[in-house]
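Visitor:
Residue numbers (the numbering used here), protein chains in the order written: chain A, 170 to 527; chain B, 170 to 527.
1) In chain B, which residues lie less than 8 Å from residue 307/A when you measure between Cβ atoms?
2) Spatial neighbours of residue 229/B within its chain, please: CB distance less than 8 Å, with the 5 preceding and 5 following residues excluded, ordered by chain position.
3) Tell whether a beta-carbon distance below 8 Å holds between residue 299/A and residue 464/A.
4) Just verifying my parser: in three-state terms, what is the DSSP assignment at residue 357/A?
5) Quick check: the Cα distance between residue 491/A and residue 479/A, rounded to an integer number of angstroms?
6) Please return the same chain residues whose Cβ sits closer than 8 Å to the Cβ of residue 388/A, not counting the five positions on each side in sequence.
7) So which residues on chain B does residue 321/A lean against when the C-beta distance must stay under 7 Å?
8) From residue 266/B to residue 342/A, what does the alpha carbon distance come to, in whole angstroms?
9) Compare the Cα-Cα distances from residue 211/B to each of 238/B, 219/B and 223/B and report the closest residue.
10) Check whether the Cβ atoms of residue 257/B and residue 462/B sit closer than 8 Å, and answer yes or no.
11) Enumerate in chain order the residues of its own chain whose CB-to-CB distance from residue 214/A is below 7 Å, with the five nearest sequence positions on each side excluded.
12) Say whether the segment 407–414 of chain B touches the segment 422–437 of chain B, bearing in mind that this needs 3 or more beta-carbon pairs closer than 8 Å, one atom from each stretch.
13) So who's on the other strand from residue 380/B, going by DSSP bridges?
14) Return the first residue and the last residue of the beta strand (DSSP E) that residue 234/B is part of.
15) Which of the three DSSP states is assigned to residue 513/A in this structure?
16) Confirm, please, whether the CB-CB distance from residue 269/A to residue 544/A is below 8 Å.
17) Would residue 520/A be called buried (16 or more neighbouring beta carbons within 10 Å of its own) or exposed?
18) Starting from the Cα of residue 200/A, find the closest Cα among 175/A, 226/A, 504/A and 190/A and give me that residue.
19) Using Cβ-Cβ distances below 8 Å, what residues of the segment 401–416 of chain B are close to chain A?
20) Residue 238/A versus chain B: which residues are under 8 Å apart at the beta carbon?
21) Looking only at its own chain, which residues have a Cβ that is under 8 Å from the Cβ of residue 231/A, when we skip the five neighbours before and after it?
22) Please report how far the alpha carbon of residue 418/B lies from the alpha carbon of residue 402/A, in whole angstroms.
23) What number of angstroms, rounded off, separates the C-alpha of residue 192/A from the C-alpha of residue 469/A?
24) From the DSSP output, in three-state form, read off residue 211/A for me.
25) What are the residues of the segment 280–303 of chain A that lie near chain B, defined by any Cβ-Cβ distance shorter than 9 Å?
26) Determine the contact status of residue 481/B and residue 339/B, defining contact as a CB-CB distance below 8 Å.
27) Comparing C-alpha positions only, which one of 241/A, 250/A, 271/A and 400/A sits nearest to residue 174/A?
28) Between residue 436/B and chain A, is there a C-beta pair that is closer than 8 Å?
29) For the segment 215–224 of chain A and the segment 496–507 of chain A, state whether three or more C-beta atom pairs, one from each stretch, are separated by less than 8 Å.
30) Mind checking the segment 386–400 of chain A against chain B and listing, in chain order, the residues whose C-beta falls within less than 8 Å of any C-beta there?
31) Roughly how many whole angstroms lie between the Cα atoms of residue 202/B and residue 352/B?
32) Comparing the C-beta of residue 465/B with each C-beta of chain A, is any distance below 8 Å?
33) Could you give the first and the last residue of the continuous alpha helix (DSSP H) run that contains residue 389/A?
34) Which residues of chain B have a Cβ atom closer than 9 Å to the Cβ of residue 383/A, listed in chain order?
35) Kindly indicate which three-state DSSP category residue 316/B falls into: helix, strand or coil?
36) Does the structure place the segment 323–335 of chain A close enough to the segment 369–382 of chain B that three or more beta carbon pairs sit under 8 Å?
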């Protein structure tokens with residue numbers, strides 16, 4: 170833990186880059202004792218003065234100049250072909266080249282995922298990487314994955330997500346024994362589709378070192394019924410965005426209620442003095458910023474494109490905690506158990522086949 | 170519109186039945202000019218004194234006694250076999266027998282759907298019924314369907330949902346030309362799965378009388394980007410429950426913020442005088458109570474199992490508005506156009522096949 174940790178930053182990714190990247194890095198450093206080094210990939214002429222404004226940052230930063238950056242609207246397939254040498258590409262490649270342990274970008278999600286897959290490759294035993302999101306709950310956070318990388322999933326992939334999500338949650342949210350649930354619908358008639366049911370059975374049969382609690386429903390995410398919630402990227406993405414939209418709607422109503430009359434405005438002034446700030450902190454998406462790409466040979470954290478400096482600092486903190494944890498090893502152990510379970514199942518199917526033939 | 174409308178009520182369905190059913194009916198009647206009659210199916214000995222407490226209700230009510238009711242935890246398949254003669258069964262059968270125009274129940278959703286399908290059958294041109302939910306947005310409501318009846322859907326079914334949802338929205342939310350969106354994920358790489366893409370193409374090709382706006386994402390539901398949002402029952406159910414959970418979480422935070430200090434409590438007292446009540450009304454699920462079963466030969470409204478009298482009254486209001494609207498006719502017209510489009514597609518495929526063979 171005492172060795173220096175190197176974070177590789179796409180300094181040009183995101184709606185407000187490079188300003189928020191540099192300011193976010195400075196905020197991340199403040200009061201931190203852990204020895205770190207930061208590699209900024211981007212336009213040196215723009216980055217140099219921004220970094221120089223933070224003396225603490227100057228001491229631990231290095232700039233790797235590049236003229237090119239990935240467009241926020243680029244298609245992932247194009248991004249891989251055309252982004253060679255861009256700030257995003259270079260930030261991820263620093264991991265492969267052994268120059269950094271983690272990469273952070275607020276750029277185009279699809280492009281970052283495509284570049285990361287090509288550059289870092291999947292871990293052995295993982296079919297496809299997943300994006301994990303941290304969701305605020307009454308006590309701490311719930312980890313939900315996949316929230317957008319995989320539209321269609323097999324049962325084995327969902328089990329891989331459970332393995333990666335559990336290890337991730339332990340690493341980032343300091344919970345030794347996270348509970349895991351599988352997202353499903355609750356009506357008796359239709360206890361989920363075949364894929365969810367098969368994933369549930371495979372997860373139970375695999376003998377993983379995991380506190381798996383079975384099915385959970387949409388409302389369980391915000392309740393925090395389990396620490397980790399597993400789902401495919403289509404459902405997870407829609408659930409995440411629906412929750413964001415709902416939180417924004419309710420926040421808008423609160424704001425409206427607090428400005429609807431003279432009395433309400435007086436109450437709002439009183440609240441400003443204390444409680445409202447707490448509330449605002451809880452609802453601030455910047456405090457949970459950072460979708461983490463799990464399943465790659467290396468840690469890549471995707472910050473929201475529209476994030477501010479505080480949000481980017483959170484993404485850096487998550488990246489640091491992952492790099493300092495044992496989560497890659499834990500994933501490997503459970504993936505080996507999953508593979509063994511699948512082989513047992515295959516063997517059983519083959520034996521049944523022979524019996525039928527005989 | 171001047172003829173009497175008859176509503177058939179499952180008086181024993183729901184966690185707090187029959188009390189909230191009777192009180193809800195009384196609340197529904199208050200100040201209503203439309204001539205209605207109410208059929209209460211349930212335990213006469215319990216219902217009689219409850220109804221007698223509301224003189225207005227006595228005048229328009231009739232009790233149909235039955236001893237049996239459907240258990241809230243009964244499996245739908247069992248419910249159909251064993252529920253003959255129950256309050257729910259009788260409430261739905263009153264529609265088929267021509268004794269009532271609509272049925273309302275706060276009982277077991279799966280059982281109500283199964284009984285409704287067996288008893289009323291699907292409309293011609295509809296593969297499976299859907300459950301539509303009304304979702305609060307800044308201005309009015311968004312209609313989301315399906316929220317739980319169909320775990321897996323074909324493209325044609327999603328188009329049917331669009332047709333039914335649009336007609337429903339017009340009838341209940343008084344919007345002459347509702348806009349319609351298809352729920353999807355937004356990342357370039359993975360613009361939805363094949364089913365969503367095919368549904369989008371079929372909807373555009375069918376030449377429906379509908380203002381279809383293409384794909385929307387999860388956050389668009391609460392924003393109210395389109396008036397109607399179409400999705401399969403798995404995704405819709407998870408989105409609905411996720412939104413409910415998020416709204417409850419944020420409401421909890423507001424409550425916490427308003428009691429966290431003496432100043433905050435003072436502010437809360439001031440707010441009580443006005444704005445907080447407005448906010449509470451907006452967030453009260455009872456104001457949007459009632460999942461409507463669309464696609465059947467008749468109108469069945471499912472009230473939340475845990476609803477109160479105000480929520481049950483809302484379900485009755487929705488049932489009334491549907492019965493008084495032209496929505497069944499509108500659905501039929503668009504379904505005919507969809508069928509024609511599918512036949513054109515089949516013919517085109519057959520022609521292509523011949524060309525290949527030739």
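Ideal Cβ positions, reconstructed from N, Cα and C, are used throughout, including at glycine.
Guide: Taking the definition as stated:
1) Sequence index remark: in the first chain, residue 307/A carries index 138 (1-based). Those within 8 Å of residue 307/A in chain B are 418 and 421.
2) Along the second chain, read from residue 1 onward, the residue named residue 229/B stands at position 60. Counting only Cβ-Cβ distances below 8 Å, and skipping sequence neighbours, we find 198, 205, 206 and 207.
3) Working through the first chain from its first residue, we reach residue 299/A at position 130. Working through the first chain from its first residue, we reach residue 464/A at position 295. Against a cut-off of 8 Å, the Cβ pair of residue 464/A and residue 299/A comes out as a contact.
4) Within the first chain, the letter at position 188 stands for residue 357/A. Any reading at residue 357/A must be qualified, since the residue scores a pLDDT of 46, below 50, and its modelled position is unreliable; the value itself is stated next. Correct three-state label for residue 357/A: helix.
5) Here residue 491/A refers to the residue found at position 322 when the first chain is read from its first residue. Here residue 479/A refers to the residue found at position 310 when the first chain is read from its first residue. Their Cα atoms are separated by approximately 19 Å.
6) Against the first chain, residue 388/A aligns to sequence position 219. Answer for residue 388/A: no residue qualifies.
7) Position 152 of the first chain, counted from the start, is the residue given in the question as residue 321/A. Ordered by position in chain B, the residues that pass the 7 Å Cβ test against residue 321/A are 362.
8) On the second chain, residue 266/B is found 97 positions in, with the first residue counted as 1. On the first chain, residue 342/A is found 173 positions in, with the first residue counted as 1. Their backbone Cα atoms lie some 59 Å apart in a straight line.
9) By 1-based counting over the second chain, the position of residue 211/B is 42. Ranking 238/B, 219/B and 223/B by Cα distance to residue 211/B puts 238/B first.
10) On the second chain, position 88 is the one that residue 257/B refers to. On the second chain, position 293 is the one that residue 462/B refers to. Not in contact: residue 257/B and residue 462/B (Cβ atoms no closer than 8 Å).
11) Counted from its first residue, the first chain places residue 214/A at position 45. Once the five neighbours on either side are set aside, residue 214/A has no close Cβ partner at all.
12) no
13) Residue mapping note: residue 380/B aligns to position 211 of the second chain, counting from 1. DSSP, once it has assigned bridges, lists 348/B as partnering residue 380/B.
14) As a first step, residue 234/B must be located in the second chain, where it is residue number 65. Here the beta strand (DSSP E) through residue 234/B covers 230–234.
15) If you number the first chain from 1, residue 513/A lands on position 344. Helix, per DSSP.
16) Outside the modelled stretch of chain A, which goes from 170 to 527, sits residue 544/A, for which no answer is possible.
17) For the purposes of this step, residue 520/A is identified with residue 351 of the first chain, where counting begins at 1. Burial call: exposed.
18) In the first chain, residue 200/A corresponds to position 31, counting from 1. The shortest Cα separation from residue 200/A among 175/A, 226/A, 504/A and 190/A belongs to 226/A.
19) 402, 403, 404, 406, 407, 408, 409, 410, 411, 412, 413, 414, 415 and 416
20) Stepping through the first chain from its first residue, residue 238/A is reached at position 69. Within chain B, no residue comes near residue 238/A; the closest Cβ sits about 17 Å away, beyond 8 Å.
21) Start at 1 with the first residue of the first chain, and residue 231/A comes out as number 62. Same-chain partners within the cutoff: 206, 207, 208 and 209.
22) Within the second chain, the letter at position 249 stands for residue 418/B. Within the first chain, the letter at position 233 stands for residue 402/A. Going from the Cα of residue 418/B to the Cα of residue 402/A covers about 23 Å.
23) Within the first chain, numbered from 1, the residue matching residue 192/A stands at position 23. Within the first chain, numbered from 1, the residue matching residue 469/A stands at position 300. One C-alpha to the other measures close to 20 Å.
24) Here the question's residue 211/A lines up with position 42 in the first chain. Of the three classes helix, strand and coil, the one that applies to residue 211/A here is strand, per DSSP.
25) 280, 282 and 283
26) Residue mapping note: residue 481/B aligns to position 312 of the second chain, counting from 1. Residue mapping note: residue 339/B aligns to position 170 of the second chain, counting from 1. Against a cut-off of 8 Å, the Cβ pair of residue 339/B and residue 481/B comes out as no contact.
27) Residue numbering aside, residue 174/A sits at position 5 when the first chain is read from its first letter. The shortest Cα separation from residue 174/A among 241/A, 250/A, 271/A and 400/A belongs to 271/A.
28) Residue mapping note: residue 436/B aligns to position 267 of the second chain, counting from 1. Interface residue, yes.
29) no
30) 386, 387, 388, 389, 390, 391, 392 and 400
31) Locating residue 202/B in the second chain gives position 33, where the first residue counts as 1. Locating residue 352/B in the second chain gives position 183, where the first residue counts as 1. Each residue's Cα considered, the two are about 39 Å apart.
32) Taking the first residue of the second chain as 1, we reach residue 465/B at position 296. Output row for residue 465/B: interface = no.
33) By one-based count along the first chain, residue 389/A stands at place 220. Taken as a continuous stretch (DSSP letters only), the alpha helix (DSSP H) holding residue 389/A covers 387–392.
34) Looking up residue 383/A in the first chain gives position 214. What residue 383/A touches in chain B: nothing, since even the nearest Cβ is about 16 Å away.
35) Position 147 of the second chain holds residue 316/B. Looking at residue 316/B - three-state DSSP - the assignment turns out to be coil, as it is neither helix nor strand.
36) no
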